[in-house]
Each structure stands twice: as structure tokens, then as C-alpha cells.
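> Just so we're aligned: the sequence shown equals residues 7 to 180 in the numbering used here.
My questions all concern the structure below.
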Amino acid sequence: MENQAPIEVTFRLTRRDMYAVYVHTLLRMWLLIPIVICMIAILALSALSDFTAHTSYLVPVLRFLTVALALVGLGFALPYFLARNTMRTSPLFKSELRCVFSESGVEMATPSSNSRVDWSGFHRAVELKEFVLLYMSSRVFYIVPKRSFSSPDQLEALKTLLRVKMEGKARLRS
Numbered sequence: 007m008e009n010q011a012p013i014e015v016t017f018r019l020t021r022r023d024m025y026a027v028y029v030h031t032l033l034r035m036w037l038l039i040p041i042v043i044c045m046i047a048i049l050a051l052s053a054l055s056d057f058t059a060h061t062s063y064l065v066p067v068l069r070f071l072t073v074a075l076a077l078v079g080l081g082f083a084l085p086y087f088l089a090r091n092t093m094r095t096s097p098l099f100k101s102e103l104r105c106v107f108s109e110s111g112v113e114m115a116t117p118s119s120n121s122r123v124d125w126s127g128f129h130r131a132v133e134l135k136e137f138v139l140l141y142m143s144s145r146v147f148y149i150v151p152k153r154s155f156s157s158p159d160q161l162e163a164l165k166t167l168l169r170v171k172m173e174g175k176a177r178l179r180s
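Here you go:
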């Protein structure tokens, strides 16, 4: 792995990218699932208590199903609204991003900023179906879309670099 040429990619993140990453992040932090389950459980208890008040079981069951479906819909809507708000309010996402991976670390550049992080500054890397996420903390990470790589070989070179530099902290697909 000595003196490998830097791997450079340029990309623009889309609302769809942000949505997919928010879904992954919220599920990973176990925020979305427990909230929906708790709300459905509260609703189920409410529906059960209403069985004694109604002569027909249809009303509480329909109310339960309606609110349960609304909560599941909210589970999909929340990441969408977060992504939409991020894309609308952050100037960072309105321009192209350039990311350079080298032996010494990762450089991320936008028209208005430059940052450089040594490999020791990342605590893990995760490869998803469409992205590589480089975590500096549990909530701060770089998003690198796989579509930004010019070839499968360039992506493989990054994965090799991550395996070497992250020393067991990279969760990559085969």
C-alpha cells in the first residue's frame, strides 16, 4: 500500500442521497423504530380500553389502524423533511464537492471551504449499497456516493486503503 496515488472523486449530493443517509442514520441510532413502536403500543392500549365503551369493535380498530399507518408514514416522512431542509438551507450542498483520499488522510473541498482529516480522525467507515460513510463521530461523517467513482477499480482502491488505514474499523462489502 506504499505510495498509492491519491483517489480523487467529485460529486454533488442530491436530496435522494440525503434521504437515504438520514434513513440509515436514524435506523442505526435506533431512533425511528422505538418511537413508532411506542406510539403504536400506546395506541393499541387506547383502542383496547375503548372496547368497553363501544358496542362495536370496528371504531377502535379502525382508529388504531389509521393512526398506526400514519405513524409508519411519519417514519418515512421524517427523513424526507430532514433531507429537504438540509438541501435547502446548507450552501455546502448547492455545489460540487471534491474528495481526495490519500495515504495521509482525507481532504474534502467545496468552493467555500477546505478540510483535511488524518486517518486517525475517523473512528469508523461503513459501506452502504450506494455510499461510503466516513465517521468522525457517531453523528458527524462524510458522505461519498459510489456513483462518483470513475470505475469499479477506483472504488476497490478506496476500500483497500480503508482496510489498511482504518485497521478493523471499516465495515465494507466484499
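Just so it is clear, CB atoms sit at the ideal spot from N, CA and C, and this is done for glycine as well.
Across which residues does DSSP place proline 151 in a beta bridge pair?
Along the sequence shown, one-based indexing puts residue 151 at 145. DSSP, once it has assigned bridges, lists Phe137 as partnering proline 151.
> Can you list, in chain order, the residues of its chain with a C-beta nearer than 7 Å to that of isoleucine 46? Leave out the 5 residues immediately preceding and following it.
Within the sequence shown, numbered from 1, the residue matching residue 46 stands at position 40. Correct list, in chain order: Ala74, Leu77.
> Should glutamate 173 and proline 151 be called a contact, given that it needs their Cβ atoms to be closer than 8 Å?
On the sequence shown, residue 173 is found 167 positions in, with the first residue counted as 1. On the sequence shown, residue 151 is found 145 positions in, with the first residue counted as 1. Contact flag unset, no.
> Does the Cβ-Cβ distance between leucine 161 and arginine 169 come in under 8 Å?
Indexing the sequence shown from 1 puts residue 161 at position 155. Indexing the sequence shown from 1 puts residue 169 at position 163. No, Cβ-Cβ distance for leucine 161 and arginine 169 is not below 8 Å.
> Provide the residue span of the alpha helix (DSSP H) that contains valine 29, from first to last.
Here residue 29 refers to the residue found at position 23 when the sequence shown is read from its first residue. Counting along the chain, the alpha helix (DSSP H) containing valine 29 begins and ends at 21-34.
> Pick from Leu32, Leu164, Lys175: whose alpha carbon is nearest that of leucine 88?
Sequence index remark: in the sequence shown, residue 88 carries index 82 (1-based). With distances taken between Cα atoms, leucine 88 lies closest to Leu32.
> Taking the alpha carbon of isoleucine 149 as the point to measure from, which residue in Arg21, Glu109, Gln10 has its own alpha carbon closest?
Numbered from its first residue, the sequence shown carries residue 149 at position 143. Among Arg21, Glu109, Gln10, the Cα nearest to that of isoleucine 149 is on Arg21.
> Would methionine 114 and phenylalanine 128 qualify as a contact pair, given that the criterion is a beta-carbon distance under 8 Å?
Taking the first residue of the sequence shown as position 1, residue 114 is located at position 108. Taking the first residue of the sequence shown as position 1, residue 128 is located at position 122. No, these two residues do not count as a Cβ contact at 8 Å.
> If you measure between the beta carbons of threonine 116 and methionine 24, is that distance less than 8 Å?
The sequence position of residue 116 within the sequence shown is 110, counting from 1. The sequence position of residue 24 within the sequence shown is 18, counting from 1. Cβ distance not < 8 Å, so threonine 116 and methionine 24 don't count as in contact.
> For valine 132, collect the residues of the same chain with a Cβ closer than 6 Å to its Cβ; drop the 5 residues on either side in sequence, then sort them by chain order.
Translated into the one-based positions of the sequence shown, residue 132 becomes position 126. Closer than 6 Å at Cβ, skipping near neighbours: Leu139, Arg177.
> Give the DSSP bridge partners of aspartate 124, in chain order.
Counted from its first residue, the sequence shown places residue 124 at position 118. Looking at the DSSP assignment, aspartate 124 forms a beta bridge with Gly111.
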